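J.: Read in my numbering, the sequence shown has 395 at position 18, and its numbers run on one by one without any break.
Supplied in C-alpha cells, the structure appears directly below.
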Amino acid sequence: MIDYVVKLTKDATKVSPLDHVALKAAGFDDRGVLQITLIAAWFNYINRVADSLGVGRDA
Numbered sequence: 378m379i380d381y382v383v384k385l386t387k388d389a390t391k392v393s394p395l396d397h398v399a400l401k402a403a404g405f406d407d408r409g410v411l412q413i414t415l416i417a418a419w420f421n422y423i424n425r426v427a428d429s430l431g432v433g434r435d436a
C-alpha cells in the first residue's frame, strides 16, 4: 500500500491497473483501493493548498 501511495503522490499518471492488482493481492478489495486512492489524493491536495498559502510557515 505504501508503494502505491508513494507512486500516486510522485506522479499519478504512472499508476496502472497492475498497481490495483497488487493491492488486491495484498488483501484489499475494490472499495479498499478506492479509499486508499481518495485518502492519499486528498492529503496530497490539502498539503499543496496549505503549502501554497504558507500555512504553518514561520514569518
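Think of the CB as a built atom: it goes at the ideal place given N, C-alpha and C, for glycine as much as any other residue.
Source: prediction; values computed, not measured.
Taking all protein chains shown into account, decide if residue 400 is buried (16 or more other Cβ within 10 angstroms of its Cβ) or exposed.
T.: When all chains shown are included, residue 400 counts as buried.
J.: Enumerate, from N- to C-terminal direction, the unbroken alpha helix (DSSP H) stretches of 4 or more residues contained entirely within the segment 383 to 410.
T.: Entirely contained in the segment 383 to 410, the alpha helix (DSSP H) runs reaching 4 residues are, in chain order, 394 to 402.
J.: Less than 8 Å between C-beta atoms, sequence neighbours within five positions excluded: which residues of the same chain meet that for residue 413?
T.: For residue 413, where only same-chain residues beyond five positions count, the Cβ hits under 8 Å are 378, 381, 382, 400 and 405.
J.: Among residues of its own chain, excluding the 5 on either side of residue 393, which ones have a beta-carbon nearer than 6 Å to its beta-carbon?
T.: No residues qualify anywhere along the chain.
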